[in-house]
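Chemist: Pasting a structure here, questions to come.
2 protein chains.
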Amino acid sequence: MQKQELTKEQEQMARFAKAMGHPIRIAILQMLASQTCCFHGDMSELLPIAKSTLSQHLNELKDAGLIQGEITPPTVKYCINRENWALIEKLLGGFIESVANSKGSC
Amino acid sequence: MQKQELTKEQEQMARFAKAMGHPIRIAILQMLASQTCCFHGDMSELLPIAKSTLSQHLNELKDAGLIQGEITPPTVKYCINRENWALIEKLLGGFIESVANSKGSC
DNA sequence: TTCTTAATTCGCAAAATTACGAATAATAAA
DNA sequence: TTTATTATTCGTAATTTTGCGAATTAAGAA
């Protein structure tokens, strides 16, 4: 049997999951989804990390496609990347469900 | 406004997501769910990594509670941790859905 | 006991992640 | 132009992750 190549879909799912793989980033996403606040400054007041660290986390979420940022000087407004969350729901949500509902047992 | 503490739930979600944050581990979970194979040896023949690296990934999945291992010498049988996947579906699946369906927009 | 098979652990190296404060941009207001 | 505000980038450090091959463990078979 041949070695499997990893598929683009597997890579994409892992990328999304990895971006969610930090409690601060979960908290950020929850804030953005609940619309409690959207500004870097507001979030930095709520989260127990330095502003510069927050910027890094926001950047990772942006790079992975989970959020979008819009500059409205002197602040920056962040929001959920809705287009990609449809894909995340399909890929990662579908994956979680399919594993949870699978019958394979050893 | 006070600094938020991260909740246990946020920590748990991040832990689960992080464990899924690698394409090899996604592939492992898919194999186990589809019951294509459950043995370390079988998986090491399919996946493009060394056996020792596979062991590390399996260990991380086990530590995070996503899979279980059972020793049946001279092989080891792995399978989905069904109990925890119910929680994963609720926490992480629920989270993904709630973000995807949220209305917050900036 | 010795040999074989299967999987893990060890030892190491390279790369990525996480975090902070200081320095830097970039814009609006004075 | 100078000042104030906001967010990012830079420089640095500590830790974690990822990966490999060699060595080790563990059990059954010869």
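Residue numbers (my numbering), protein chains in the order written: chain A, 22 to 127; chain B, 22 to 127.
Just so you know, even glycine gets a beta-carbon here, dropped at the ideal spot from N, CA and C.
1. Please state if the CB of A54 (chain A) and the CB of V120 (chain B) are separated by a distance shorter than 8 Å.
2. Checking 8 Å against the spacing of the C-beta atoms, do R46 (chain A) and L82 (chain A) come in under that value?
3. Could you check the C-alpha separation between S65 (chain B) and K29 (chain B) for me, to the nearest Å?
4. Anything in chain A within Cβ reach of L113 (chain B), meaning under 7 Å, just list it in chain order.
5. E26 (chain B) versus chain A: which residues are under 8 Å apart at the beta carbon?
6. Within this structure, are the beta carbons of E32 (chain B) and P44 (chain A) separated by less than 8 Å?
7. What are the uninterrupted segments assigned as alpha helix (DSSP H) that are 4 or more residues long and contained completely in the stretch 46 to 120 of chain B, given in chain order?
8. Just the Cα atoms here: how many angstroms apart are L67 (chain B) and A85 (chain A)?
9. Using the rule of at least 16 other Cβ atoms within 10 Å of the residue's Cβ for burial, across every protein chain shown, is I49 (chain B) buried or exposed?
10. Taking G44 (chain A) as the query, report the chain B residues whose CB atoms sit under 7 Å from its CB, ordered along the chain.
11. Measuring alpha carbon to alpha carbon, tell me which of B:P95, B:G62, B:L87 and B:E110 ends up nearest N102 (chain B).
12. Where does the unbroken alpha helix (DSSP H) through K39 (chain A) begin, and where does it stop?
13. From the DSSP output, in three-state form, read off S123 (chain B) for me.
14. Can you pull the chain B neighbours of E110 (chain A), defined as C-beta to C-beta under 8 Å?
15. Using CA atoms only, rank isn't needed, just tell me which of A:P94, A:T93, A:N105 and A:H61 is closest to N80 (chain A).
Modeler: Working from what's here:
1. Contact: yes.
2. yes
3. 35 Å
4. I117
5. Taking a Cβ-Cβ threshold of 8 Å, the residues of chain A close to E26 (chain B) are P69, in chain order.
6. yes
7. 61 to 67, 72 to 84 and 103 to 109
8. 28 Å
9. Buried, because 16 or more other Cβ atoms sit within 10 Å of the Cβ of I49 (chain B).
10. The amino acid occupying residue 44 (chain A) in the given sequence is Pro; Gly does not appear at that position. Going along chain B in sequence order, the residues near P44 (chain A) (Cβ under 7 Å) are L27, Q31, E32 and A35.
11. Residue B:L87 holds the alpha-carbon nearest to the alpha-carbon of N102 (chain B) among B:P95, B:G62, B:L87 and B:E110.
12. K29 to A40
13. coil
14. Neighbours of E110 (chain A) in chain B, taken as residues whose beta carbon is under 8 Å from its own, are I117, E118 and A121 in chain order.
15. Nearest of A:P94, A:T93, A:N105 and A:H61 to N80 (chain A), Cα basis: A:H61.
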